[in-house]
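Protein chains in written order, with the working numbering: chain A, 856 to 1105; chain B, 12 to 229; chain C, 38 to 515.
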């Protein structure tokens, strides 16, 4: 019996929250995620009214604006069974910061608490809900995994993606030195302090270079965008892939 | 007085307290004492101290301790504290060792010029290689900090597991003394390019002799 | 946002030697800490952090009672407690004490609290000779600078610079070996210790149940400062209290490990009162100055109170990727690194340096290593919101605010959002490649966006996910 089926033999329903960044700039990541989930037997839906989780405004100090967008998110996903997102950062915004954002709004707060147990970052969903490590992927390449800060420190995602990568056929995983160091993206941080951000990513790509990897893999496209920009400027022939893209390869 | 009342008032306002309110009971203290036999305590103490560049010696009795100190000092000027154990173990009668002084000024200048400062320590802490030294009429503060070499003798019964045991045995450490100092290895700095240099202000060398009490102490 | 700090940050980023020095030095501190908090070395590390946080929380919630208990215990041991609302009151007390006791020479051990109120400068202005005795602080004093790091004040200086400073200021032959440089400082400072009238220290902890000042150090200068002069004055913030001596078992284990990777620092002095009857050295007078200087204001802010839990280990700075690039001198106040980013706005005022809480990627490395578990990223976010509010009141952020309002308006209207994304897709033609954004009208391409694009590319917005998804769903249906 495929994993996505429950005892009533109805495929379980997964609502994608692809995030605004993936929607606008990295649609292939969203498609890859859908593909992997469908392969596991889930009925995948895309609630079209979704936009953004509100993180850009929240992180810049515009809480009222963040609340507006967060309320929109809550209403779009109110009836979802599972919400799966290809981002540690956006997942943690909802799972870890919505309560802070709505601490003086009991109605919204109870909405958040109702939604939280149904919300999953992609790799967590695969391991903890679907219960799979091997999704049948194949990628003949050397890869290194970049821990995105919010996935690592707010959601505690460390071993999960590595376990999933370890099961990808012909894939060789190499750890980079100081792997838990931030790539320097930080959303509006990289806009307000571009030089500091650039200096941070330079250390990151030096660490990547030392691994000799063909690809850097992460669970956040924002980090990957930052890293790819620096790789391009350094002229390093290393690509970036979201974990979902790796797991979708066959 | 104005500042005192002002600050306490601001603290109480910040906390929403009225004056004279007693503190709520604090969370229970957290003290964990491992069950290490003497052999284990000694092994750990020696390893910890030597890792820091100190020297740990286990002396089988006073004679062995005295012999170690005599060889180390070689008759050079040393100031010993007036702790009774040092006299009982014959340390104060070694050549070059002074432990009696006319007045405080003479004691201070002797400490500043001696090559060795010799003290006892009430306790030694096995897990960190530390000594616990209380200031007392017999044992002044400067003996263990001014000379370039500190020699400390500790009765084997004073070798305890660590800080948690120390604070369990002595929960209020300043009842009879103005100062307790924990000494963990030689004085050191890494303030210039993080390069380790020993003996910046305090002793650059430390010898701790744990004395197994085979003889009767006076 | 004023540009001055950014200009200086750019200078630091451009100084290759300094970049290497900061990164390597903090890297070593990270590694030293890692070894001693690893589960093999300290299995109960996380429990110790929990307990430390609980105790700090409890102490601050009962601070009035503990302050009074501390005062009574110090008095019972023959010492005096002096209360000071700000730096001026601390200096007034010391000047008066110095004059009364005929003091001229003051030795000082490292104290961030004294640094915070510019104590040395205040006393120098009143014609006292004040000598820093921590080697790093001494170098910094001779160089007329400000500490670079909470625990490693001269972290940015090379041995050659130290050699230069010593030969110029002390008139000794130039010496470039740290070992020999240390000997020089030892000899000079030894004379100061023995001649000094007053020793000033800070306090790492104040212990309520035994009226004690606790000092941790590695060099021995704090021991000499508190033992050789006839007067000892400890200057401490009111937040430094812990209830019991037994609580030190928790804090001392965490402080040394977090700061420098030492299970215990070389010297831990636990002091209370002047020398007792019969003791032949130690101070004849013992004072503890309890300083407010803004702490009661922070205490009143319940959700940010934990800023006062800080035990000044510096681990947050060592692990901060921003500190590791911009170093200690680009922070506007004495407390650098992430803790400085949350403390400075609260002590100095939000709009003094409005950029400060924003200079973080919110990576969370600071909170992960904080021995008392201060949620620094949460506080940074809180302060960002407060800065925005303050700037909105002052009408300083009209463009940014308008942009976010517009953004929120769009993000709550999926149809508008999609229409805009289609428009962007049309603007970006295929041949523009990764530089497509640079071809946008100049207005959109100025300032921050421009700088951002100097370092990274935004991919070409071709078809959005939702367009591709619809097409895919349609195909499946066919």
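Ideal Cβ placement from N, Cα and C applies to all residues, glycine included.
Of all residues in the region 236-253 of chain C, only 246, 247, 248 and 249 come within less than 8 Å of chain B when Cβ atoms are compared, listed by chain position. Straight through space, the alpha carbons of residue 308 of chain C and residue 145 of chain B are spaced by roughly 10 Å. Residue burial annotation: residue 186 of chain B is exposed, with fewer than 16 other C-beta atoms found within 10 angstroms of its C-beta. The beta-carbon of residue 284 of chain C is placed less than 8 Å from the nearest beta-carbon of chain B. Using beta-carbon distances, residue 56 of chain C does not count as an interface residue toward chain B, since no partner is under 8 Å.
Between the alpha carbons of residue 979 of chain A and residue 83 of chain C lies a gap of roughly 24 Å. For residue 1095 of chain A, there is no enclosing alpha helix (DSSP H); the residue is part of the beta strand (DSSP E) that begins and ends at 1094-1097. DSSP places residue 392 of chain C outside both helix and strand once states are collapsed to three, so it counts as coil. Against chain B, a Cβ distance below 8 Å from residue 310 of chain C picks out 185 and 189. The C-beta distance from residue 358 of chain C to residue 1039 of chain A rounds to 7 Å, short enough to meet the 8 Å contact threshold.
Sequence-distant Cβ neighbours of residue 128 of chain C in its own chain, meaning closer than 8 Å and more than five residues away, are 154, 156, 159, 160 and 163. For a cut-off of 8 Å, the C-beta gap from residue 44 of chain B to residue 224 of chain B is around 22 Å, too long to register as a contact. Cβ proximity to chain B below 7 Å picks out nothing from the region 362-396 of chain C.
For residue 996 of chain A, the enclosing beta strand (DSSP E) covers residues 993-1000. Between the region 147-160 of chain B and the region 207-223 of chain C, the count of Cβ pairs shorter than 8 Å is below three; the stretches do not touch.
Within 9 Å of the CB of residue 398 of chain C, the CB atoms of chain A belong to 1004, 1037, 1038, 1039, 1040, 1041, 1042, 1044, 1045, 1048, 1051, 1052 and 1055, in sequence order along the chain.
Residue 140 of chain B and residue 64 of chain B have their C-alpha atoms some 11 Å from each other. DSSP places residue 937 of chain A inside the beta strand (DSSP E), whose first and last residues are 937-940. Cβ-Cβ distances below 6 Å link residue 130 of chain C to 119 in the same chain, with the five nearest sequence neighbours on each side left out; the list follows chain order. Taking C-beta atoms as the reference points, residue 193 of chain C and residue 67 of chain C fail to come closer than 8 Å. Take residue 363 of chain C, set aside five residues on each side of it, and the residues of its chain with a beta-carbon closer than 6 Å to its own are 46 and 49, in chain order. In the three-state reduction of the DSSP assignment, residue 968 of chain A falls in the helix class. Counting only Cβ-Cβ distances below 8 Å, residue 191 of chain C has contacts in chain B at 202 and 203, in chain order. Per DSSP, residue 168 of chain B lies in no beta strand (DSSP E) and is assigned neither H nor E.
About 5 Å separates the Cβ atoms of residue 287 of chain C and residue 88 of chain C, confirming a contact at the 8 Å cut-off. Residues are counted here when their Cβ sits less than 8 Å from a Cβ of chain A; for the region 292-305 of chain C the count is zero. For residue 179 of chain C, the secondary structure class from DSSP, reduced to helix, strand or coil, is helix. Fewer than three beta-carbon pairs drawn from the region 308-323 of chain C and the region 123-134 of chain B are found closer than 8 Å, and the two stretches are therefore not classed as touching. Unbroken alpha helix (DSSP H) stretches of 4 residues or longer found wholly inside the region 313-398 of chain C: 332-337, 352-356, 360-363 and 374-385, given in chain order.
Look at residue 242 of chain C here: in three-state DSSP terms it is strand.
In terms of CA proximity to residue 220 of chain C, B/159 leads the group B/171, B/164, B/218 and B/159. Straight-line spacing of the CA atoms in residue 447 of chain C and residue 204 of chain B works out to 53 Å. Residue 882 of chain A sits in a helix when the DSSP states are folded into three classes.
In this model, residue 335 of chain C and residue 426 of chain C are separated by some 18 Å (Cα to Cα). Here residue 962 of chain A is exposed. Its C-beta has fewer than 16 other C-beta atoms within 10 Å. CA-to-CA, the gap between residue 156 of chain B and residue 214 of chain B works out to about 6 Å.
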